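Report on one structure; see the data block that follows.
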Amino acid sequence: MLSGVSAHETLLDCLFPGDDGSECPNPIGAAKLRQLKIGIDSFASKYGRPYRFVQAITGSGSLSSSGYSPTEAETSGVQLADVLHSVIKAIRSRVSARIKLVRELVALESTPMDELLICDVPLKLMTRVTSFKMIDEETFMVSWTSIM
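Residue 21 in the UniProt record's numbering is what sits at position 21 of the sequence shown, and the numbering runs on without skipping anything.
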């Protein structure tokens, strides 16, 4: 039931705001890729996406999207441990949210129609989740307020 929750390719996308792995977080690496006319997609399937949080874990980048080089304080052992803790916490939170979503969908699928009628759900209403994409809170709030 829950086997694919943590193995999905989008598990790490936008783990931190703006970090979808679609561009090289290292300015020198990004310039070299542009010079060689190599797109991220051409090597992502073989090597993986260049997420900022991976650069931050290795001490060669920062979690922020500013693109600046990390200071010596940011690459200290304590700071790198904090970054690693933040990444693990974010992954656990993402997996937990996906597990809850899958459980809710399974429960909804297995709920007899009689129980749905008690909740005043019209019989002609039919909903099917065809895809699920993680978005950040700001994007959600913008889309939510535009509906109202």
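Glycine is no exception: its CB is placed at the ideal position from the N, C-alpha and C atoms.
Quick caveat: nothing in here was measured; it's all calculated off a predicted structure.
Element boundaries [alpha helix (DSSP H), containing residue i]
i   : result
I91 : G77 to S110
Presumed contact (8 Å Cβ cut-off) between residue i and residue j, rounded CB distance
i   : j   : result
P25 : P50 : 6 Å
L80 : G59 : 6 Å
A56 : V78 : Contact flag wrong, Cβ pair sits at about 14 Å.
When the options are compared against residue i, the one with the closest alpha-carbon
i           : options                 : result
E23         : G48, H8 and E9          : G48
K89         : Q55, F16, E9 and H8     : F16
S86         : I99, S96 and F53        : F53
E137        : E9, C14 and E104        : C14
K46         : V106, E9 and V129       : E9
V129        : L108, L33, A97 and F140 : L108
I11         : R34, R92 and V102       : First, the residue type needs correcting, since residue 11 is Leu and not Ile in the sequence shown. Among R34, R92 and V102, the Cα nearest to that of L11 is on R92.
residue 192 : V95, T127 and R94       : The structure shown does not extend to residue 192, since the chain spans only 1 to 148, so no value can be given for it.
L63         : K133, T111 and D19      : D19
M134        : P112, F43, A31 and L101 : L101
G21         : K32, Q35 and G39        : G39
Assigned secondary structure, residue i (DSSP; H/G/I helix, E/B strand, else coil)
i    : result
T139 : helix
M1   : Bear in mind that the predicted position of M1 carries a pLDDT of just 47, short of 50, making it too unreliable to give a figure here.
Below-7 Å beta-carbon distance, residue i vs any chain C residue
i   : result
P25 : This model lacks chain C altogether, as it is built from one protein chain only.
Start-end ranges of the alpha helix (DSSP H) lying completely within the region 15-59, minimum 4 residues = 27-35, 40-47 and 52-58
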